[in-house]
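Below is one structure; the comments refer to it alone.
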Ligand code: MN
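What follows is the structure in structure tokens.
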């Protein structure tokens, strides 16, 4: 079944126990276009993982210093085991004692296209792949080239083009493109959540299901004149629909202002 579809993932699966880590195990979905993702992974040593969708899996490289957008600046990229396609959606904390234990965020994600004609798998086998990346942070042309006489050591470098810059994007944009969290915030999330639960217990908060149906909407109120304050953030008000959203485990419900359930109208919101 699943294993026969992607035997390339056996080394990945052998290193992980599905009972003990929230990471995906593969075999679920077939993706249409070519995904790329860059994880930031605070394992024993902090590194970035570049993953490219190819041959039904994510071909993966660990990049200790992360990608550089400075033209021709070489960054070591160590070829590691293939990962399942769904790994592109994964961020969270791999519990202690598991392979790669530590916090992981989706530092960048998008799609890519091979620059040269022909099968990218063959180009990879030959040791050189040119890519164009269309991510939130990484764009433009890149080269992945295997080092001479090496098997696993590759170099990742940015071609000189409009997307190249004298900047360190890993420092400028440390957050996840999914959650907006840094890898440190992701790491501290379970403790933060546990602290919050402990406080609620101490405050003797009632433990029951809360329906959003009877909760008041946050509505705009008229004021005499505009104001400013350090606890406030201001943004342009776009026209839209006010919705109350609730989630209980995997069950999501959306309610409109007049109280009717409108969950079915926004499937994208529900899956997000
Ligand atoms: Mn990693």
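Numbering (our numbering), first residue to last: 31 to 302.
Each residue gets a CB set at the ideal place from its N, CA and C atoms; glycine is no exception.
Along the chain, where does the beta strand (DSSP E) that runs through residue i open and close?
{"i": "residue 84", "result": "76-84"}
Write down the C-beta distance between residue i and residue j rounded to the nearest angstrom, noting that I regard them as a contact closer than 8 Å.
{"i": "residue 129", "j": "residue 45", "result": "4 Å"}
{"i": "residue 190", "j": "residue 102", "result": "7 Å"}
{"i": "residue 121", "j": "residue 208", "result": "6 Å"}
{"i": "residue 124", "j": "residue 49", "result": "Between residue 49 and residue 124 the Cβ distance is about 13 Å, and since that is not below 8 Å, they are no contact."}
{"i": "residue 107", "j": "residue 151", "result": "Going by Cβ atoms, the distance from residue 107 to residue 151 rounds to 17 Å, so no, they are not a contact pair."}
{"i": "residue 138", "j": "residue 167", "result": "4 Å"}
{"i": "residue 71", "j": "residue 165", "result": "Contact doesn't hold; Cβ gap of about 17 Å is too wide."}
{"i": "residue 68", "j": "residue 97", "result": "7 Å"}
{"i": "residue 295", "j": "residue 272", "result": "Between residue 272 and residue 295 the Cβ distance is about 13 Å, and since that is not below 8 Å, they are no contact."}
{"i": "residue 148", "j": "residue 163", "result": "Not a contact, Cβ separation roughly 19 Å."}
{"i": "residue 188", "j": "residue 64", "result": "Going by Cβ atoms, the distance from residue 188 to residue 64 rounds to 19 Å, so no, they are not a contact pair."}
{"i": "residue 112", "j": "residue 186", "result": "No, residue 112 and residue 186 are not in contact; Cβ-Cβ is about 18 Å, not under 8 Å."}
{"i": "residue 77", "j": "residue 94", "result": "5 Å"}
{"i": "residue 193", "j": "residue 170", "result": "3 Å"}
{"i": "residue 55", "j": "residue 114", "result": "6 Å"}
{"i": "residue 264", "j": "residue 142", "result": "With a Cβ gap of about 37 Å, residue 264 and residue 142 do not count as contacting."}
What are the residues that DSSP puts in a beta bridge with residue i?
{"i": "residue 173", "result": "160 and 187"}
{"i": "residue 133", "result": "72 and 123"}
{"i": "residue 140", "result": "66 and 165"}
{"i": "residue 145", "result": "Per DSSP, none; premise fails for residue 145."}
{"i": "residue 87", "result": "84"}
Let's see if you can read the secondary structure: which residues bound the alpha helix (DSSP H) around residue i?
{"i": "residue 300", "result": "297-301"}
{"i": "residue 44", "result": "40-44"}
{"i": "residue 199", "result": "199-202"}
Any C-beta of chain B sitting closer than 8 Å to the C-beta of residue i?
{"i": "residue 241", "result": "Absent from the structure: chain B. Only one protein chain is present."}
Secondary structure, beta strand (DSSP E): runs of 3+ residues fully inside the stretch 218-290: 274-278 and 281-285
Segment contact, 8 Å Cβ cut-off, at least three pairs: the stretch 215-225 with the stretch 74-89: no
When you compare the stretch 174-187 with the stretch 154-162, are there three or more beta-carbon pairs, one atom per stretch, that lie closer than 8 Å? yes
Run through the stretch 90-115 for me and flag every whole beta strand (DSSP E) of 3 or more residues, listed as ranges in chain order. 105-113
For the structure I just gave you, are there three or more beta carbon pairs, one from the stretch 234-252 and one from the stretch 262-276, closer than 8 Å? yes
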